[in-house]
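Everything below concerns the one structure shown next.
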Amino acid sequence: MAITNTHFMVVVTLIIAMNIHMAFAWGQDPPPSLPSPPSSLRQKCGDMINFIRNCGLYMHIYSPPFLKPNQECCLSADKVSISLFCKVFLIRDTEKIFSPKKVAAIARHCRNPLPRYTKCGSYIVRTSELTSPKSDLLKKFQAINETSLI
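As structure tokens, then:
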């Protein structure tokens, strides 16, 4: 329990640090010598923060194997590039907090699956189907049983 609370505090600290960095880097009055970053970059950062905020519970390493994400999480997952999240955010240190496999599962559940063989942190996506591998095996088994009964 204490470890989970510690990890969430680290995540909250990261989010606050990113918000502070964004406030300083792209504040209302940027230095005249620095151009203002494009709004698309600000939008991507905001979407990434919302994805972490809304889906953090579902991709946390100590959460149950797969919790079905809620609607807010799926809406955030639709707005963000999950493959970019995997490349930029899921590094060795953050994999102690977030599970790359659960991030891929969230993408698959929210109907935005990562392509096959995409690397998400240390995890390589094996399937891009919207169903889980267990349900695929069950369907194959049922099909074999139906053909053997005929």
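So the sequence shown is residues -27 to -1, 1 to 123, counted in mature numbering (1 follows the signal peptide of the UniProt record, and there is no 0).
Each residue gets a CB set at the ideal place from its N, CA and C atoms; glycine is no exception.
Distance check for Pro86 and Val98, CA to CA, integer angstroms please. Numbered from its first residue, the sequence shown carries residue 98 at position 125. Numbered from its first residue, the sequence shown carries residue 86 at position 113. C-alpha separation (whole angstroms): 9 Å.
Give me the Cα-Cα distance between Ala80 and Ser12, rounded to the nearest whole angstrom. Position 107 of the sequence shown holds residue 80. Position 39 of the sequence shown holds residue 12. Taking the straight line joining both Cα atoms gives about 25 Å.
Could you tell me the distance, in whole angstroms, from the CA atom of Ala50 to the CA atom of Cys83? In the sequence shown, the residue the question calls residue 50 occupies position 77. In the sequence shown, the residue the question calls residue 83 occupies position 110. So the two alpha carbons sit approximately 7 Å from each other.
Determine whether the beta carbon atoms of Phe71 and Met21 lie at a separation below 7 Å. Translated into positions along the sequence shown, residue 71 becomes position 98. Translated into positions along the sequence shown, residue 21 becomes position 48. The criterion of a C-beta distance shorter than 7 Å is not satisfied by Phe71 and Met21.
Does DSSP classify Lys74 as helix, strand or coil? Walking along the sequence shown from the start, residue 74 turns up at place 101. It is helical.
Under 7 Å between C-beta atoms of Cys59 and Cys18: As a working note, residue 59 is residue 86 in the sequence shown. As a working note, residue 18 is residue 45 in the sequence shown. Going by C-beta atoms, Cys59 is not nearer than 7 Å to Cys18.
For the alpha helix (DSSP H) that contains Phe24, what are its first and last residues? Along the sequence shown, one-based indexing puts residue 24 at 51. Residues Ser12 to Met32.
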